[in-house]
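Reviewing the structure listed below.
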Amino acid sequence: MATAPNLVVAGDPGVARKLRETGRFPAVYDAASAAELRDLSKSGRVGSPAAFMFAPGFVEDLPAAGVAVLANGLAGSGFTVLVHGFFAERGDTFDPKVRVTGRRLRMSELLANLGVTEPAPAVARPSAPEQPPSAGPAAAQPQAPAQDTRHPAQAPAQPPAHSQPPAAPQHHAPAQQHAAPQHQPPAQHQA
C-alpha cells in the first residue's frame, strides 16, 4: 500500500500502544470488545484505508458478532484483516482473505502483514537531534577556559553547571565525559 492504513487493534491494548509508537499509522484505535468496535465504526473516526487485528483478548459481547463474523465481513468489504491463530484453533472458520497467524509475530512481520513496509520517519529524527548537541559541547569548550581563569580552584564546581545543558550528548559522547572528570578530580584534590 502506498498509504499506511488506519489501524484497529481489537483485544490487545499493549499491541495497540506499540503499533501507535511506531509512528507508521495515521491512527491506531483500540477496541476491547465487539460493542466497542461497533461504537468505533458508528463514530466515523476510522477512515479508509483501514486494517483490523483481532487478538485473543477480544471480548465477543454482542450476539452474532463473533470474531469470525466480523473478520469475514471486514475482509469481504476489502479491508486488511489479521486474526490471531487462537480463533482458528477454537474452531472458527475464516475467509481466505483473512490472514490467520499461527504464532507470535515480530514487529517487522506484523507491519508487513498490515501492508506497512516503509521505514518509520520517527526513527531517523531522534538520531539527527542527538548529533547537533554533541557539537554544542565543542562550542562550550572555549567558555571553559574563561571560567578557569577566574578561579582555578572553583573550576570543578563550574563545569557541572555547563554539563547540565548538554546532558543528552553526555550519554552519546563518552570520550567527552571522560575528559571532563579527569580534569575535575585533580582540581578537587588540589583544593
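Here the working numbering is used: position 166 in the sequence shown is 146, and no number is missing along the way.
All residues carry an ideal CB built from backbone N, CA and C; glycine is no exception.
Selected residue, minimal CA-CA separation from residue i, among the options
i, options, result
"Asp41", "Val80, Met87, Arg0, Ala12", "Ala12"
"Val78", "Met87, Leu85, Ala68", "Ala68"
"Val26", "Tyr9, Gly37, Pro(-7), Phe38", "Tyr9"
"Leu94", "Glu1, Phe5, Arg(-3)", "Phe5"
"Arg84", "Val(-5), Ala(-16), Thr(-17)", "Val(-5)"
"Ala35", "Thr97, Leu90, Gly3", "Leu90"
"Leu17", "Val39, Ser88, Gly71, Arg86", "Val39"
"Phe74", "Asp19, Gly3, Gly53, Leu(-1)", "Gly53"
Residues bridged to residue i (per DSSP)
i, result
"Val39", "Ser13"
"Met87", "Paired residue(s): none; Met87 is not in a bridge."
"Val(-11)", "Asp10, Met33"
"Val26", "According to DSSP, which records beta bridges pairwise, Val26 is partnered with nothing at all."
"Leu62", "Met33, Arg79"
Whole-number beta carbon distance between residue j and residue i, since they are thought to touch under 8 Å
i, j, result
"Val49", "Ala55", "Between Ala55 and Val49 the Cβ distance is about 11 Å, and since that is not below 8 Å, they are no contact."
"Gly65", "Thr81", "5 Å"
"Asp(-8)", "Gly46", "Not quite, the Cβ-Cβ distance comes to about 17 Å (not below 8 Å), so this is no contact."
"Ala44", "Val63", "So it is not a contact: roughly 17 Å between Cβ atoms."
"Ala7", "Val96", "Rounded, the Cβ-Cβ distance is 13 Å, inconsistent with contact."
Helix, strand or coil at residue i [DSSP, three-state]
i, result
"Leu94", "coil"
"Arg4", "coil"
"Arg79", "strand"
"Val(-5)", "helix"
"Gly53", "helix"
"Arg18", "helix"
"Phe74", "coil"
"Ala45", "coil"
"Ala68", "helix"
"Gly116", "With a pLDDT of only 44 at Gly116, under the threshold of 50, the placement of this residue in the model should not be trusted; the figure read from the coordinates follows. If DSSP states are grouped into helix, strand and coil, Gly116 belongs with the helices."
"Ala(-16)", "coil"
Cβ pair count under 8 Å reaching 3, the segment 22 to 41 against the segment -17 to -9: Judged by Cβ distances under 8 Å, the segment 22 to 41 makes contact with the segment -17 to -9, as three or more pairs qualify.
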